[in-house]
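All residue numbers for the sequence shown refer to my numbering, where the first residue is 2 and numbers rise by one. Glycine residues also receive a C-beta, built at the ideal position from the N, C-alpha and C atoms.
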Amino acid sequence: MGISIQVVQKNGWDQVNYVGPIDAEAEVHLSQLYPKLGGQIVFNFKNVSSVNSCGVRSWINFMRDLQKTQRTVVFEECTGEIVMQINMIPSFKGTANIRSVYGSFVCDKCGHEEDVLFEAGKNLPATPDQGLTPVRCPQCKAEMQLEEMEEEYFAFLAA
Ligand SMILES: [Zn+2]
2 MGISIQVVQK NGWDQVNYVG PIDAEAEVHL SQLYPKLGGQ IVFNFKNVSS VNSCGVRSWI
62 NFMRDLQKTQ RTVVFEECTG EIVMQINMIP SFKGTANIRS VYGSFVCDKC GHEEDVLFEA
122 GKNLPATPDQ GLTPVRCPQC KAEMQLEEME EEYFAFLAA
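Right under this line is the structure:
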């Protein structure tokens with residue numbers, strides 16, 4: 002599975018859809034992407050399949066280049082793997098604003114699993130320990146649990 006990156010211009014923003022892994026191949030793709038980007042950029046991570054350490058290094062360099070040139074950067078639909086990177090390595094996020102992240106929920110009662118999108122200004126908490134709006138299981142209506150420790154998963158909100 003290779004990498005493909007689509008850029009769509011929308012209301013003065015460059016919407017970047019990254020499809021595939023952030024791995025050793027990412028560097029070439031990101032350097033080709035760089036000259037196509039304007040001052041306001043939204044990265045959508047929904048279709049990032051995996052992230053490895055080689056890719057992380059390329060991504061951090063890419064973010065540094067964007068910061069040097071004062072771009073406004075937004076991350077949206079960050080998957081669990083991206084959230085982990087953001088929490089472990091602050092420079093993965095740099096100065097980007099997080100618009101939305103997915104959280105994996107599981108129902109203790111019936112075992113149903115569901116990815117819930119948390120959006121800033123809506124259901125994304127303002128701080129890691131604020132507490133989440135209860136998520137009901139669509140199958141049995143019991144309250145579902147986040148698979149990760151809530152305060153650890155949302156640690157990036159403290160920054
Ligand atoms: Zn259930």
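DSSP three-state label for F46, please.
coil
Is Q146 near ligand 1, in the sense that its beta carbon is under 7 Å from a heavy atom of that ligand?
no
Since V75 contacts V43 with CB under 8 Å, what's their CB separation in whole angstroms?
5 Å
Is C141 near ligand 1, judged by its Cβ being under 7 Å from some heavy atom?
yes
Tell me the DSSP bridge mates of V104?
It should be pointed out that residue 104 corresponds to Gly in this sequence rather than to Val. Partner(s): V117.
Under a CB-based cut-off of 8 Å, is D15 close to chain C?
Looking at the structure shown, chain C is missing, and only one protein chain is on hand.
Check D15 in the structure and name its three-state DSSP category.
strand
Have a look at S105 and Q140 and give me their C-alpha separation to the nearest angstrom.
16 Å
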